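Asker: Residue numbers (the UniProt record's numbering), protein chains in the order written: chain A, 1 to 117; chain B, 1 to 748.
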């Protein structure tokens, strides 16, 4: 009985811990310009529960603060990919269709576009 | 034996602690310092390194031969730290490269930055822009800016007044670090009490502005950010001398007291004791003056916990003397031996700021400000005497947060203002004592929505209870919409309300033989009612490329519509009359501004302004006096590329002012009548700066190089105690051309 209680307690604390309403995550998202910034951040906000999404043009770093009770990193990543932006260290890339929809100046996979920025 | 065991147990721990070094790398981002994840940390000349975790923290192995720790991150300045004691935690702020290379970037980034994104029509004047006009205080620092008009110094006080949207400075809320500072008693000369070198940057907002800083602003808001002990040079010296025998000295000293505390001491002194009378009217062209201005700032910063705080102490002593050349204050003060004037000002100020940013959720911020000032002016103008003392307390608390996500931001808070005015006058026709207390309590709420793309809007409302102005609501609204690339359409509207300090704001009227009358008796402030105005604005900014070079054009249209105004009526040359508006008073302004980067390192800025400013006077609806209907402005800046750390900077400003209306002098005898309008005025300023290194630079410049002068700024100057003496008709430069030189020395 004691053991059970302990296990339950541990589980509860772990669960509460996992359910952080201001959970943070960072990832490297490909993109080149301020238009990309707007697109990436908007894609994050499509998911309910995302409170803050800031993408840095220079470092390509996306900083997220989100409510874990409402969403998770995977869902947010999915909508970033759908918007046409690759996420480094993730095996799946944005689909070619999604990428094709990007504005010409934002075609970050193109070396010439990258260098132009 | 036991002891040995202990030693053995401790040994590995000791070794372990010797082997590791840990710490946190943060991003030096304005006032909030956030952990920087993913930064590279490695030992110089080794392959031993790591990257920081999500919170910016790291642990790295250590050996005695390691000394230099390198911290690098894309977009940030790479730093090298010397590690002498590895057991200490390393806390380091990494600065972004853009901050560091500000000077080298300015050739591409203009010194005045217009935002394509903000809802308000705000632009920032950086310290680089401030250097373009080497002089000297906040009033003069607007001379290279087309949105703010700097008037010519008046004949008596030598003070330059500013105008925005055609309205003079009482209609502009002027704040230092978001604390309303130039108001009430300091309205007339306050801008000359902020030395130019103390200013880090200026934000100018056209139109109603935010509700956060109060209900008083009507034409716009100007906020001056002062230099900060943490980021300002350790030592800065600026020495300035002008052909008019004006001398200025600015010294900044900044030191680190502890990891969290920084302090700075800022000293300013200026003096002018030359006697000039180029127009031979027997009067000094500019006052003699001495000013000592001291500020001590304390800055506290705790990045881990998210606390920031400032404590500022200021003291000012300013003395001006002017009048006839033969005037000696010791023997002639308040006599008819000779006409003279002295203005003595003392001001004490203490202000504190406290800010907290929740390190976990950076959008949660709390800010508390409090400022107390004591301002005392004693002055006389011929036989007229005017003294004012103002004690003022301002407190404000703001809470920032978001609703659901960071696209919806809100600011809300409370403020309290207390002002006590005590005025003494010895002027014919007026009572000798005016005393009043103003108290107001207000609350505000501002909502900002940013769709991260083409729409950004700010809607604010505040409610105030004021013992003399009553209980009232102040709405303000700003929005920006971007219909296509590189463009911004802005619209705004808002209400402002204020009590006019009729004597403090119109002090040059004392230097005339006019009788002063207040025609209303029923109001709460000198018998007058509060001033109320609505401001509406529309602005269009478009960036484009012209011959492959960056350019932008701005069209601004603003309308200020007064519901009540304290009309200052100079239309009878023997009188100044103050009365409540009966009819219409409006200020319409249109401005077209073109900025063009003509070739590399060469920037051109031109602007044309049209003003239609009319008021219903008792004698009819007239254009407000001494405001040009048409105005043209141009500024050209060129910098040579940097060679051996040094380079040249050239800057020139051209101003053309159309005809301005003189208030009516028809009732005067014909010898003292002026034409209906002033002639046009053209002025040219230029400055050359030679930067020798990051530490040392010298500058040389000229103001009003073409030597344009108003010949007779004083009416009936030969007879200053007669009934036609008047110094209020200044429309152009009095002194003519002036040359100056100076140097700046800084140690970082």
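All residues carry an ideal CB built from backbone N, CA and C; glycine is no exception.
Here the structure is a predicted model, which means the values were calculated and not measured.
(1) For chain B, check one thing: does any of its Cβ atoms lie closer than 8 Å to the Cβ of residue 79 of chain A?
(2) Taking the straight line between their C-alpha atoms, what separation do you get for residue 316 of chain B and residue 389 of chain B?
(3) Assign residue 731 of chain B to buried or exposed, taking buried as 16 or more other Cβ atoms, counted over all protein chains shown, within 10 Å of its Cβ.
(4) Under 8 Å Cβ-Cβ, which residues of chain B neighbour residue 29 of chain A?
(5) Here's a check: name, in chain order, each residue in its chain whose Cβ is nearer than 7 Å to the Cβ of residue 118 of chain B, leaving out the five neighbours to either side.
(6) Between residue 22 of chain A and chain B, is the shortest Cβ-Cβ distance under 8 Å, so that the two count as touching?
(7) Return no unless some Cβ of chain A is closer than 8 Å to the Cβ of residue 453 of chain B.
(8) Return the CA-CA distance between residue 543 of chain B and residue 550 of chain B, expressed in angstroms with no decimal places.
(9) Distance cutoff 8 Å, beta carbons only. Does residue 407 of chain B sit that close to anything in chain D?
(10) What is the DSSP secondary structure of residue 362 of chain B, counted as helix, strand or coil?
(11) Residues in its own chain within less than 7 Å of residue 735 of chain B by CB, not counting five upstream and five downstream?
(12) Quick one: measure Cβ to Cβ for residue 48 of chain B and residue 69 of chain B, integer angstroms, because I've assumed they're closer than 8 Å.
(13) Mapping DSSP to helix, strand and coil, what is residue 769 of chain B?
(14) Distance cutoff 8 Å, beta carbons only. Does residue 91 of chain A sit that close to anything in chain B?
(15) What is the DSSP secondary structure of residue 198 of chain B, counted as helix, strand or coil?
(16) Measure from the C-beta of residue 306 of chain B to each C-beta in chain A and report whether the shortest distance is under 8 Å.
(17) To the nearest angstrom, how far is the alpha carbon of residue 722 of chain B from that of residue 199 of chain B?
(18) Would residue 44 of chain B be called buried (16 or more neighbouring beta carbons within 10 Å of its own) or exposed?
(19) Name, going along the chain, the residues of the region 350 to 369 of chain B whose beta-carbon falls closer than 8 Å to a beta-carbon of chain A.
(20) Using 10 angstroms around the beta-carbon of residue 552 of chain B, count the other beta-carbons present and answer buried if the total reaches 16, otherwise exposed.
(21) Please state if the CB of residue 438 of chain B and the CB of residue 373 of chain B are separated by a distance shorter than 8 Å.
(22) Find the residues of chain A that neighbour residue 402 of chain B, judging by a C-beta separation of less than 9 Å, and give them in chain order.
(23) For residue 653 of chain B, count the other beta carbons within 10 Å of its own beta carbon; 16 or more makes it buried, fewer makes it exposed. Which is it?
(24) Measure from the alpha carbon of residue 96 of chain A to the alpha carbon of each residue in A:84, A:90, A:112, A:88, then state which is nearest.
(25) Using the Cα positions of residue 74 of chain A and residue 87 of chain A, report the straight-line distance between them to the nearest angstrom.
(26) Take residue 248 of chain B and list the residues in its own chain whose beta-carbon comes closer than 6 Å to its own, dropping the five residues that flank it on each side.
(27) Closer than 8 Å by beta-carbon distance: list the chain B residues that pair up with residue 41 of chain A, in chain order.
(28) Could you check whether residue 288 of chain B and residue 272 of chain B sit closer than 8 Å to each other, using their CB atoms as the reference points?
(29) Which of helix, strand or coil does DSSP assign to residue 76 of chain A?
(30) Buried or exposed, going by whether 16 or more other CB atoms sit within 10 Å of the CB of residue 428 of chain B?
(31) Of the residues that make up the region 263 to 288 of chain B, which ones have a beta carbon closer than 7 Å to any beta carbon in chain A?
(32) Could you name the residues of the same chain whose beta carbon sits closer than 6 Å to that of residue 39 of chain A, not counting the 5 residues immediately before and after it, in chain order?
(33) For residue 742 of chain B, count the other beta carbons within 10 Å of its own beta carbon; 16 or more makes it buried, fewer makes it exposed. Which is it?
(34) Which value, in whole angstroms, describes the spacing of the CA atoms of residue 77 of chain A and residue 48 of chain A?
(35) Classify residue 15 of chain B as helix, strand or coil using the three-state DSSP reduction.
Answerer: With the given structure in hand:
(1) no
(2) 14 Å
(3) buried
(4) Result: empty, since nearest Cβ-Cβ is about 13 Å, beyond 8 Å.
(5) 456, 480
(6) yes
(7) yes
(8) 7 Å
(9) Chain labels in this structure do not include chain D; the protein chains are A and B.
(10) coil
(11) 244, 276, 278, 285, 286
(12) At roughly 10 Å, the Cβ-Cβ gap does not stay under 8 Å, so residue 48 of chain B and residue 69 of chain B are not in contact.
(13) Outside the shown range of chain B (1 to 748) lies residue 769 of chain B, about which nothing can therefore be said.
(14) no
(15) helix
(16) no
(17) 44 Å
(18) exposed
(19) 360, 361, 362, 363
(20) buried
(21) no
(22) 51, 52
(23) buried
(24) A:84
(25) 11 Å
(26) 136, 240, 270
(27) 452
(28) yes
(29) helix
(30) exposed
(31) none
(32) 83
(33) buried
(34) 13 Å
(35) For residue 15 of chain B, the predicted structure reports a pLDDT of 41, less than 50, and the residue's modelled location is therefore unreliable. A value from the coordinates is still provided. Three-state DSSP puts residue 15 of chain B in a helix.
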